[in-house]
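Structure first, commentary second.
2 protein chains.
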Amino acid sequence: MKPNFSLRLRVFNLNCWGLPYVSKHRSDRMKRLGDFLNMESFDLALLEEIHHGDWFCGKAVGLLVFHLSGLVLNAYVTHLHAEYSRQKDIYLAHRVAQAWELAQFIHHTSKKADVVLLCGDLNMHPKDLGCCLLREWTGLHDAYLETQDFKGFEEGYTMVPENHYVSQKDLEPFPCGIRIDYVLYKAVSGFCISCKSLKSTAGHGPYNGTPLSDHEALMATLCVRHSPLQQNPSFTYGPAGRLPLISVLREAWTELGLGIAQARWWAAFAGNVIGVGLLLLVLLCFLVAEERAREVAILLWTPNVGLVLGAGAVYLFHTQEARGLCRVQTELQHVLGREREAQDLSSEPQLALLLGQERGQN
Amino acid sequence: MKPNFSLRLRVFNLNCWGLPYVSKHRSDRMKRLGDFLNMESFDLALLEEIHHGDWFCGKAVGLLVFHLSGLVLNAYVTHLHAEYSRQKDIYLAHRVAQAWELAQFIHHTSKKADVVLLCGDLNMHPKDLGCCLLREWTGLHDAYLETQDFKGFEEGYTMVPENHYVSQKDLEPFPCGIRIDYVLYKAVSGFCISCKSLKSTAGHGPYNGTPLSDHEALMATLCVRHSPLQQNPSFTYGPAGRLPLISVLREAWTELGLGIAQARWWAAFAGNVIGVGLLLLVLLCFLVAEERAREVAILLWTPNVGLVLGAGAVYLFHTQEARGLCRVQTELQHVLGREREAQDLSSEPQLALLLGQERGQN
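Protein chains in written order, with our numbering: chain D, -17 to 344; chain R, -17 to 344.
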């Protein structure tokens, strides 16, 4: 590779709002999106919400591995579970679990990548637990924070503004100025990456027309350069560098504990409903056999069977949910233990140094 | 790393037959397994079937990343879906899909590994499609085939023999001499790995006692050595080298197509049952309203509602199944296209060479 190697990447990201039957003017918007992408010739267009809606077991990460003039670029695209209410977010633990799984996936699949790029609708604000966990574990940088030249709104921070499809009323449960779509990146040893410009469509569509989605499109121009002096940050983790990671891992562990407790409560509740329903069924059989209130008993039979079956489904669902969250929590516990150990080990020489200095002063 | 670097690894693998309620003498066997592992001090003990039984969405791969004297070793452990009948294997497509997902997981997560080790119960014979796909895509070698010093049965090949828990009758649906548990490995550029010895417990437990499981334990001694001349095989793929891969990818694609057709047939069947059930419900409502055969109608109501709900569950299950298989098939199609392209490209110079030779001869 030439020493003055540099690569410019124009990246487009959009949550397409492509839910069948639910999303308004879907085919028209998709056609306009296609026309726009054909006109603009981005190097990379990453799109979310093309197959189906929210379902916390059904989320996935897309991975594209590019070999560009001797450089390996891993591009990831994802869409995490929505936050339907910030005040009472019943999917917080799930989103934290998804953020951890995403972070681990990137961590393990990008070992030979020179540049890592993650785009997508993370459904999180930049200071949210899942977002911090993702950044701390992967070392990814947020294009928004590192770009001098951001073109979006006057208030800067808002990326899901009132537009043709989203009214101020829809945004009311959220604090003003939310940002849930991201372009994140990092370069590994030997390379550096910077974001030259970041643009959003500022509540309009491209060329100031009708918006393409209920989300903002993000358009970033990234520049990758050869930089032989650039060190791999994972090797320069001192004990102080580990503290934010340990703190965020601990917080995530606690949040998953709350999610597990909630899931188990629902499973136990459904279990009780099944018990009561089965007792009622026995009682109804008894009433029919004794020829007392026979017609009422026969009429009540169907809703009662429905209740038991429904409660059974709820029980299975929440048992599986608790199990899934437990698995992630166990993994976090393991990593947390290892990170604490590493911190203790790397603190020892520092402690010895401090003690040595003290002795010297005495 | 020293030029004469070498590492000896003693590996133990066992499907523990640890299903709650189903597996016989579970706690006794687990205790004996623990004692045995404590006595023998293997470097790595990989166990399967500790949490739950067969469920084709619930299979997973475990990944352990070791840093040993400057060498990175990725150890994988897995358990694929069982084959309940070889003559009528309704889970063949699922196992092929799992083998592909496993192969892709290893492919993408082992980029920086010097040595890759996969142990587990693959539930496949060495020449089965999924097994070939896994070996072709990852470049892993089978310890059994590469070991001079195999200690197991006289017939060599059999690794699930008649033992204390598995009678010849249980093995009847299988052809004689099945082998479904594996130790597979490869070393990447700069290293070489060989299997010094491979042992199975030959139908007994350790020290000739009662077996530890209904599966055989596998014990391998691997030796990793520094080998600067060792080339990464993925870079030496000629057009002929690609042919077995292309052939196995094509076969897997076809097999998944059959699985998808089967899943869709069941979904369509369940859809028809739902339709008939709903019609019957309307008819029953009509009979009740008209006061004709009222009691019979009320009695038939519950089983009919149950039928519709059950068929609904079957419909959802098989729709999801078809979707999952389709996703894997699409991925295979993409890879197949790329491999064919690469073959065409690498065939061109060879073709030119052949034409040149012909011209020279003329």
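In this text, a Cβ means the ideal position worked out from N, Cα and C, and glycines have one as well.
Please read these numbers as outputs of a predicted model, since none were measured by experiment.
- A contact between stretches requires three or more CB pairs, one per stretch, nearer than 8 Å, and the segment 297 to 304 of chain R fails this requirement with the segment 314 to 332 of chain R.
- Within 8 Å of the CB of Val287/D, the CB atoms of chain R belong to Thr284, Val287, Gly288, in sequence order along the chain.
- Note on the segment 185 to 263 of chain R: whole beta strand (DSSP E) runs with a minimum of 3 residues are 200 to 209, in chain order.
- The bridge partners DSSP lists for Val43/R are Thr60/R.
- In terms of beta-carbon proximity, Leu29/R stays away from the interface with chain D, with every pair separated by 8 Å or more.
- As DSSP reads the structure, Asn(-3)/D sits in a beta bridge with Glu30/D.
- If you check each beta-carbon in the segment 53 to 84 of chain R against every beta-carbon of chain D, none falls closer than 8 Å.
- Proximity of chain R to Lys93/D at the Cβ level (cut-off 7 Å) is accounted for by Lys93, Lys94, in chain order.
- When DSSP states are grouped into helix, strand and coil, Ile162/R belongs to the coil group.
- Each of Ala27/D, Phe173/D, Met201/D, Gly288/D was checked against the Cα of Thr183/D, and the nearest Cα belongs to Met201/D.
- Distance from the CA atom of Glu237/R to the CA atom of Leu314/R, rounded to whole angstroms, is 11 Å.
- Beta-bridge annotation (DSSP): Ala169/R is paired with Val97/R.
- When beta bridges are read from the DSSP output, Lys133/D appears opposite Lys181/D.
- Less than 8 Å separates the beta-carbon of Thr284/R from that of Thr284/D.
- In summary, Ser195/R is buried, with 16 or more beta-carbon neighbours lying within 10 Å of its beta-carbon over all protein chains present.
- In this structure, DSSP gives Leu19/D a helical state, which the three-state scheme calls helix.
- Counting along the chain, the unbroken alpha helix (DSSP H) around Val78/D starts and ends at 74 to 91.
- With respect to the C-alpha of Asn105/D, the residue from Ala95/D, Arg8/D, Leu(-4)/D, Gly187/D having the closest C-alpha is Leu(-4)/D.
- Beta-bridge annotation (DSSP): Leu281/D is not paired with any residue.
- Non-local C-beta neighbours of Leu266/D in its own chain, meaning closer than 7 Å and more than five positions away in sequence, comprise Ala279, Leu282, Trp283, Asn286, ordered along the chain.
- Gln69/D counts as exposed, since fewer than 16 other beta carbons sit within 10 angstroms of its beta carbon.
- In this structure, Ala95/R and Thr120/R do not form a Cβ contact; the two beta carbons are roughly 11 Å apart against a cut-off of 8 Å.
- If the five residues before and after Val78/R are omitted, its C-beta is found closer than 6 Å to the C-beta atoms of Leu111, Gly112, Ala234, Glu237, all from its own chain and listed in chain order.
- The residues Glu321, Ala324, Gln325, Ser328, in chain order, have a CB closer than 8 Å to that of Arg224/R in the same chain once the five nearest residues on each side in sequence are set aside.
- Scanning its chain for C-beta atoms nearer than 6 Å, with the 5 sequence neighbours on each side dropped, one finds around Val(-7)/D the residues Leu26, Ala202, in chain order.
- Around Leu45/R, the beta-carbon contacts reaching into chain D at under 9 Å are His90.
- Excluding the 5 residues flanking it on each side, His61/R has same chain C-beta neighbours closer than 7 Å at Asn(-3), Glu30, Glu31, Lys41, Gly102, Asp103, in chain order.
- Think of a sphere of 7 Å around the beta carbon of Leu291/R: the chain D residues whose beta carbon falls inside it are Leu291, in chain order.
- Under the 10 Å beta carbon count, Ala199/R is surrounded by 16 or more other beta carbons and is classified as buried.
- At least one CB atom of chain D sits nearer than 8 Å to the CB of Ile280/R.
- In the three-state reduction of the DSSP assignment, Asp326/D falls in the helix class.
- In the three-state scheme derived from DSSP, where H, G and I count as helix and E and B as strand, Phe48/D is classed as strand.
- Taken atom to atom, the span from the alpha-carbon of Asp163/D to that of Gly294/R is near 36 Å.
- About 7 Å separates the beta carbon of Val206/R from that of Ser(-12)/R, a gap short enough to meet the 8 Å contact definition.
- Remark: C-beta atoms of Tyr126/R and Ile88/R do not approach each other more closely than 8 Å.
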